[in-house]
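Asker:
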Amino acid sequence: MFVKCFERGSGAAQFMRHLNAAQAVVLTCKDLKPHPSLAPICLFFFFFSFSEMPCFHFEAIISSVCVSVTCLISLCLSLTHTHTHTHTLSIPVLTKSFLPVLSLGMADLLRLLLQVAEKAANVARVCRQEAPLFQLLVQEKTGDDKNKKFVQDFKTLADVVIQEMIQNDIGAQFPEMVGFIHGEESNKFENGLGESVTVTVCSTEEETAALLATVLDSNHTAATLLARAIHQNPATIDASTDSLTVSLSPSDLGIWIDPIDATSQYIEGREEVLEEGTLCPSGLHCALVLIGVYLRSTGEPVMGVINQPFNYKDPASGGWKGKHFWGVSYGDVNICSLSRPKDASDRGQSLSVVLSSSEKQVVKDTLISLCSPNKVIYASGAGYKILCVIQGLADVYVVSEGSTFKWDSCAPHVLLKALGGGLVDLNKSLQSNSDAQDHKTELTYHQAIAGCKGANCWANDGGLVAYRDHSQLSRIIRALKGKL
Numbered sequence: 011m012f013v014k015c016f017e018r019g020s021g022a023a024q025f026m027r028h029l030n031a032a033q034a035v036v037l038t039c040k041d042l043k044p045h046p047s048l049a050p051i052c053l054f055f056f057f058f059s060f061s062e063m064p065c066f067h068f069e070a071i072i073s074s075v076c077v078s079v080t081c082l083i084s085l086c087l088s089l090t091h092t093h094t095h096t097h098t099l100s101i102p103v104l105t106k107s108f109l110p111v112l113s114l115g116m117a118d119l120l121r122l123l124l125q126v127a128e129k130a131a132n133v134a135r136v137c138r139q140e141a142p143l144f145q146l147l148v149q150e151k152t153g154d155d156k157n158k159k160f161v162q163d164f165k166t167l168a169d170v171v172i173q174e175m176i177q178n179d180i181g182a183q184f185p186e187m188v189g190f191i192h193g194e195e196s197n198k199f200e201n202g203l204g205e206s207v208t209v210t211v212c213s214t215e216e217e218t219a220a221l222l223a224t225v226l227d228s229n230h231t232a233a234t235l236l237a238r239a240i241h242q243n244p245a246t247i248d249a250s251t252d253s254l255t256v257s258l259s260p261s262d263l264g265i266w267i268d269p270i271d272a273t274s275q276y277i278e279g280r281e282e283v284l285e286e287g288t289l290c291p292s293g294l295h296c297a298l299v300l301i302g303v304y305l306r307s308t309g310e311p312v313m314g315v316i317n318q319p320f321n322y323k324d325p326a327s328g329g330w331k332g333k334h335f336w337g338v339s340y341g342d343v344n345i346c347s348l349s350r351p352k353d354a355s356d357r358g359q360s361l362s363v364v365l366s367s368s369e370k371q372v373v374k375d376t377l378i379s380l381c382s383p384n385k386v387i388y389a390s391g392a393g394y395k396i397l398c399v400i401q402g403l404a405d406v407y408v409v410s411e412g413s414t415f416k417w418d419s420c421a422p423h424v425l426l427k428a429l430g431g432g433l434v435d436l437n438k439s440l441q442s443n444s445d446a447q448d449h450k451t452e453l454t455y456h457q458a459i460a461g462c463k464g465a466n467c468w469a470n471d472g473g474l475v476a477y478r479d480h481s482q483l484s485r486i487i488r489a490l491k492g493k494l
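Going letter by letter, the sequence shown gives residues 11 to 494 in this note's numbering.
1. Measure the C-alpha to C-alpha separation of residue 190 and residue 383 and round it to an integer number of angstroms.
2. Go to residue 183, then tell me how far its alpha helix (DSSP H) extends in each direction, as first and last residue.
3. Within 10 angstroms of the Cβ of residue 372, are there 16 or more other Cβ atoms? Answer buried if so, exposed if not.
4. List the residues that DSSP assigns as beta-bridge partners of residue 316.
5. State the DSSP-derived secondary structure class of residue 276, mapped to helix, strand or coil.
6. Let me check one thing: in DSSP terms, what residues is residue 344 bridge-paired to?
7. Can you grab the Cα-Cα spacing for the pair residue 342 / residue 491, in whole Å?
8. In the structure shown, what three-state DSSP assignment does residue 41 receive?
9. Residue 188: buried (16+ other C-beta within 10 angstroms of its C-beta) or exposed?
10. Please work out which residues of its chain come closer than 6 Å, Cβ to Cβ, to residue 366, disregarding the five sequence neighbours upstream and downstream, and give them in chain order.
11. Quick check on DSSP: helix, strand or coil for residue 443?
12. Less than 8 Å between the C-beta atoms of residue 180 and residue 265, yes or no?
13. Just to confirm, is the Cβ distance from residue 473 to residue 437 under 8 Å?
14. Looking only at its chain, what residues have a beta carbon closer than 6 Å to the beta carbon of residue 323, apart from the 5 residues adjacent to it on each side?
15. Kindly indicate the opening and closing residues of the alpha helix (DSSP H) around residue 196.
16. For residue 403 and residue 440, which I take to be in contact (beta-carbon distance under 8 Å), what is that distance rounded to the nearest angstrom?
17. Starting from the C-beta of residue 186, find all residues in its chain whose C-beta is less than 6 Å away, skip the five residues before and the five after it, and write them out in chain order.
18. If I measure Cβ to Cβ from residue 235 and keep anything under 7 Å in the same chain, skipping five residues before and after, which residues do I get?
19. If you compare alpha carbons, which of 257, 326 and 267 is closest to residue 393?
20. Under a Cβ-count criterion, where at least 16 other Cβ atoms within 10 Å of its own Cβ denotes burial, should residue 122 be classed as buried or exposed?
21. Do residue 363 and residue 409 count as a contact pair if the criterion is CB distance below 8 Å?
22. Do the region 481–489 and the region 332–347 meet, that is, are 3 or more Cβ pairs less than 8 Å apart?
23. Among 379, 335 and 175, which one has its Cα closest to the Cα of residue 400?
24. Measuring straight from C-alpha to C-alpha, what distance separates residue 489 and residue 455?
25. Given residue 301, which residues of its chain have a CB within under 6 Å of its CB, disregarding the five upstream and five downstream residues?
26. Between which two residues does the beta strand (DSSP E) containing residue 433 stretch?
27. Taking the C-alpha atoms as reference points, what is the distance between residue 139 and residue 203?
28. Specify the secondary structure class of residue 474 as computed by DSSP and reduced to three states.
29. Count the other CB atoms, across all protein chains shown, that sit within 10 Å of the CB of residue 280; report buried if there are 16 or more and exposed otherwise.
30. Output needed for residue 351: all residues of its chain with C-beta closer than 6 Å, excluding positions within five of it in sequence on either side, in chain order.
31. Rank 254, 389 and 218 by C-alpha distance to the C-alpha of residue 293 and give the top, closest one.
32. Quick check on residue 295: buried or exposed, where buried means 16 or more other Cβ atoms within 10 Å of its Cβ?
33. Using the Cβ count rule (16 or more neighbours within 10 Å means buried), how would you classify residue 218?
34. Note down the Cα distance separating residue 428 from residue 224, rounded to an integer number of angstroms.
35. Look up residue 428 in the DSSP assignment and say whether it is helix, strand or coil.
36. Tell me the DSSP secondary structure of residue 375 in three-state form.
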């Protein structure tokens with residue numbers, strides 16, 4: 011921790027974390043019997059707090075003063091202990107309530123999510139670079155963790171590593187969120203020797219590489235490559251996040267992570283050459299990293315980050331480049347990194363719908379009648395199909411069964427909300443007597459389904475409809491009433 015404090019030029023947010031660490035040490039030291047060895051530590055924190063003080067941040071100045079005063083008092087206690095008891099000073103110890111803890115805000119959380127999503131995208135790209143290695147990483151899901159929709163559903167080491175990395179990074183900066191960061195994958199993995207290993211992110215790249223080597227049958231080259239990607243900190247700063255002000259505390263929030271949505275497409279690895287603004291039916295474009303934030307009390311989704319690791323392939327280098335999207339929606343705040351696309355009616359076109367190719371035939375037939383055959387499009391990946399609605403590549407996404415999950419929908423749900431749309435439970439909407447959809451049919455993210463096991467506890471079991479415009483949602487619901 012002391013080494014961490016020597017980092018320079020790390021910004022106000024990093025500085026505030028250092029001060030909180032200093033406060034924690036001082037508060038711990040006050041409970042110990044004063045000893046001369048505390049003197050250099052106290053002096054260090056005293057000078058550090060002022061040498062690193064950012065003059066532009068009022069709270070940081072106040073906290074610096076508090077830490078410095080506390081450190082000096084601890085220093086006095088330490089030094090006076092070296093004399094006889096007749097010279098010992100009687101100084102009241104400052105309590106924790108006296109020290110203002112500097113909190114990280116929602117803008118800091120959003121920047122962190124953008125960064126960890128890009129780290130996740132890097133890991134996903136690294137894992138695809140060597141096909142023989144990638145085959146070693148693939149493992150089939152079984153039992154309660156198996157998605158009942160698919161004949162084959164895969165758990166990859168990339169999935170597990172990405173999820174653990176995201177949980178580790180968020181928990182380190184926002185400890186109040188630990189225990190409320192959920193993901194699709196379990197972190198249990200079995201190597202080729204039949205040994206069960208719990209995959210975690212260690213404090214150093216070398217330790218992480220050593221752990222990964224046990225999963226990779228002592229393939230240290232591969233383990234080192236993965237560990238390097240995990241411990242990188244790519245610069246992913248979106249300038250528009252700086253002015254974000256939302257009256258929420260991280261202690262009120264939970265997170266859903268889908269480390270690689272459309273895993274089957276990621277594993278298959280088909281590369282599609284697309285024109286800008288074209289929907290991709292399958293392949294690497296459909297693989298996404300999804301991180302969604304929700305209110306613990308109500309389940310309302312409030313912040314979402316989507317990273318598309320395989321957005322564009324550089325023809326010169328042959329390497330893939332990614333793209334990120336984000337949104338915040340809470341109260342009167344609705345911000346999205348994308349502008350709202352024009353709806354079909356604004357373009358003078360008929361409604362377009364994106365579906366899974368495995369959708370019920372009655373749903374396909376009904377929507378073909380409503381929209382025309384060439385306006386019903388098929389694509390892979392729940393997250394990607396919602397992203398298509400966000401981008402305006404389709405107007406509505408419909409799924410009639412409980413084959414999507416909270417980690418699929420939480421992040422993109424926020425972007426839809428920020429654009430004036432949403433994600434509703436299809437069954438609840440069909441049962442509603444009101445043509446106008448209300449908040450009661452919107453998906454929430456805080457409660458498991460009673461009586462279910464494994465992943466099915468968090469299924470969107472009533473199906474869903476993703477939309478940008480309420481009038482288009484109403485048309486879909488009217489068309490499907492009495493059909494399901």
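Backbone N, C-alpha and C define an ideal beta-carbon position, used for all residues, glycine too.
Answerer: Reading off the structure:
1. 43 Å
2. 167–183
3. exposed
4. 300 and 335
5. helix
6. 339
7. 33 Å
8. Any reading at residue 41 must be qualified, since the residue scores a pLDDT of 42, below 50, and its modelled position is unreliable; no value is offered.
9. exposed
10. none
11. coil
12. yes
13. yes
14. 330
15. Note, residue 196: premise wrong, no alpha helix (DSSP H); not H, not E.
16. Rounded, the Cβ-Cβ distance is 26 Å, inconsistent with contact.
17. 260 and 261
18. 136
19. 267
20. buried
21. no
22. no
23. 335
24. 27 Å
25. 123, 127, 267, 315 and 421
26. 432–435
27. 24 Å
28. strand
29. exposed
30. 402
31. 389
32. buried
33. buried
34. 44 Å
35. helix
36. helix
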